[in-house]
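Engineer: The structure is given below, and queries will be raised subsequently.
In this note's numbering, the protein residues as written are 230 to 538.
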């Protein structure tokens, strides 16, 4: 059996071990603990193994030093043009000074949340609805500047603030939808009018080119008709000159040629008249045959004159 002294030694030894264990503190990575002595801040324990004075020192606050995400509850905001919208967001922050975060503000997360909500109403309330919906980056930047400046005395760094959702009233959404539809219809009408304008221009250009080509065709045809008439006139003049020369030399066949030519032309005009159905004319066949014979004689003489040449 153990003596009373042995029991006392074991008790004292157990108390010593318990005291040592109470003074040994292990802080995990990403956390920092504050140490208070008699209720007053003494130091900050960083990640690792530490030893404090039991019964004198105690752990005050255990703080997470990693970047933290904090949701901002949805709230109603009145814009500068008196439109009611609902907005919510998210805040990213990190504690840089554990002592100040622990003792400069009570309930750090709630303080950051309320501060952000207040500034959301301030910043968004100074904008029109159209500006509010189209310039989220500007809103985020202004909120970050204001909130980060306000939380600096708390040993906190606000790294990012994002507006997650902006919800206008239902009737306002419907009005915006009608406005967008009207804008699209307007753009469609403008594009259609532009297409019709281009089509009309192309059609006019085509008609212009066709008219130019048609005028050039008529010009070329008139030129060729004039050339043909000129050659016909030259041939007629040459024939007339030959006949006139023959008449001047006293050749009766030349006279018969002219008479037969006019006679045949007159018969052709009478026969081609549209109102002539039946024509009875006394003809002297010997006169016409004689005229034809005169033409043959003129041809022979012309050939005889051209052979020696």
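C-beta: ideal position from N, C-alpha, C; glycine also.
Note down the Cα distance separating residue 245 from residue 296, rounded to an integer number of angstroms.
Structural biologist: Between residue 245 and residue 296, the C-alpha separation is close to 40 angstroms.
Engineer: In whole angstroms, give me the CA-to-CA distance for residue 354 and residue 390.
Structural biologist: Residue 354 and residue 390: Cα-Cα distance of roughly 17 angstroms.
Engineer: Leaving out five residues before and five after residue 379 in sequence, what residues of the same chain have Cβ atoms less than 7 angstroms from its Cβ?
Structural biologist: Once the five neighbours on either side are set aside, the close Cβ partners of residue 379 are 344.
Engineer: On the three-state DSSP scale, how would you describe residue 540?
Structural biologist: No answer is possible for residue 540: it lies beyond the span of the chain, which begins at 230 and ends at 538.
Engineer: How would you write the range of the alpha helix (DSSP H) that residue 377 sits in, first residue to last?
Structural biologist: Where residue 377 is concerned, the enclosing alpha helix (DSSP H) stretches over 365-380.
Engineer: Taking contact to mean 3 or more Cβ pairs, one atom from each stretch, closer than 8 angstroms, check whether the stretch 364-381 and the stretch 276-293 are in contact.
Structural biologist: Because the criterion of three Cβ pairs below 8 angstroms is not met, the stretch 364-381 and the stretch 276-293 do not touch.
Engineer: Is residue 239 helix, strand or coil by DSSP?
Structural biologist: Looking at residue 239 - three-state DSSP - the assignment turns out to be helix.
Engineer: Please classify residue 261: is it buried, with 16 or more other beta-carbons within 10 angstroms of its beta-carbon, or exposed?
Structural biologist: That one is buried.
Engineer: Per DSSP, which residues does residue 323 bridge with? Please list them.
Structural biologist: In the DSSP output, where bridge partners are listed per residue, residue 323 has 386.
Engineer: Who are the near neighbours of residue 356 in its chain, counting only those whose CB is closer than 7 angstroms to its CB and skipping five residues on each side?
Structural biologist: Same-chain partners within the cutoff: 308, 309.
Engineer: Can you grab the Cα-Cα spacing for the pair residue 234 / residue 242, in whole Å?
Structural biologist: The straight-line gap from Cα to Cα measures roughly 12 angstroms.
Engineer: So is residue 425 buried or exposed if we call it buried at 16+ other beta carbons inside 10 Å?
Structural biologist: So residue 425 counts as exposed.
Engineer: Count the other CB atoms within 10 Å of the CB of residue 514; is the residue buried (16 or more) or exposed (fewer)?
Structural biologist: Caution applies to residue 514, whose pLDDT of 45 falls short of 50 and renders its modelled position unreliable; the model cannot decide the point.
Engineer: Report the rounded CA-to-CA distance for residue 387 versus residue 374, giving the unit in angstroms.
Structural biologist: Cα to Cα, residue 387 sits roughly 9 angstroms from residue 374.
Engineer: Can the beta-carbon of residue 256 be found closer than 8 angstroms to that of residue 275?
Structural biologist: Yes.
Engineer: Tell me where the alpha helix (DSSP H) around residue 308 begins and ends.
Structural biologist: Here residue 308 belongs to no alpha helix (DSSP H), and DSSP marks it neither H nor E.
Engineer: Are the Cβ atoms of residue 419 and residue 322 separated by less than 8 angstroms?
Structural biologist: Contact flag unset, no.
Engineer: Assign residue 518 to one of two classes, buried (16 or more other C-beta atoms within 10 Å of its C-beta) or exposed (fewer than that).
Structural biologist: Any reading at residue 518 is ruled out, since the residue's pLDDT is 49, under 50, leaving its predicted position unreliable.
Engineer: Could you spell out the range, first to last residue, of the alpha helix (DSSP H) harbouring residue 333?
Structural biologist: That residue, residue 333, is in no alpha helix (DSSP H); it is neither H nor E in DSSP.
Engineer: In the DSSP assignment, find the unbroken beta strand (DSSP E) run with residue 289 in it and report its ends.
Structural biologist: 286-293 is the extent of the beta strand (DSSP E) around residue 289.
Engineer: Below 8 angstroms between beta carbons: does that hold for residue 340 and residue 270?
Structural biologist: No.
Engineer: Can you tell me where the beta strand (DSSP E) holding residue 268 begins and where it ends?
Structural biologist: Run containing residue 268: none; DSSP gives neither H nor E here.
Engineer: Closest to residue 335 by C-alpha separation, out of 368, 382, 348, would be which residue?
Structural biologist: Closest option to residue 335, Cα to Cα, is 382.
Engineer: Take residue 264 and list the residues in its own chain whose beta-carbon comes closer than 8 angstroms to its own, dropping the five residues that flank it on each side.
Structural biologist: 270, 271, 272, 273, 274, 281, 286, 287, 288, 289, listed in sequence order.
Engineer: Relative to the C-alpha of residue 372, which candidate in 318, 359, 416 has its C-alpha closest?
Structural biologist: Of the listed residues, the one whose Cα sits closest to residue 372 is 318.
Engineer: Give me the Cα-Cα distance between residue 422 and residue 413, rounded to the nearest whole angstrom.
Structural biologist: Each residue's Cα considered, the two are about 14 angstroms apart.
Engineer: Which one of 331, 417, 313, 360 has the shortest CA to CA distance from residue 400?
Structural biologist: Answer by Cα proximity: 313.
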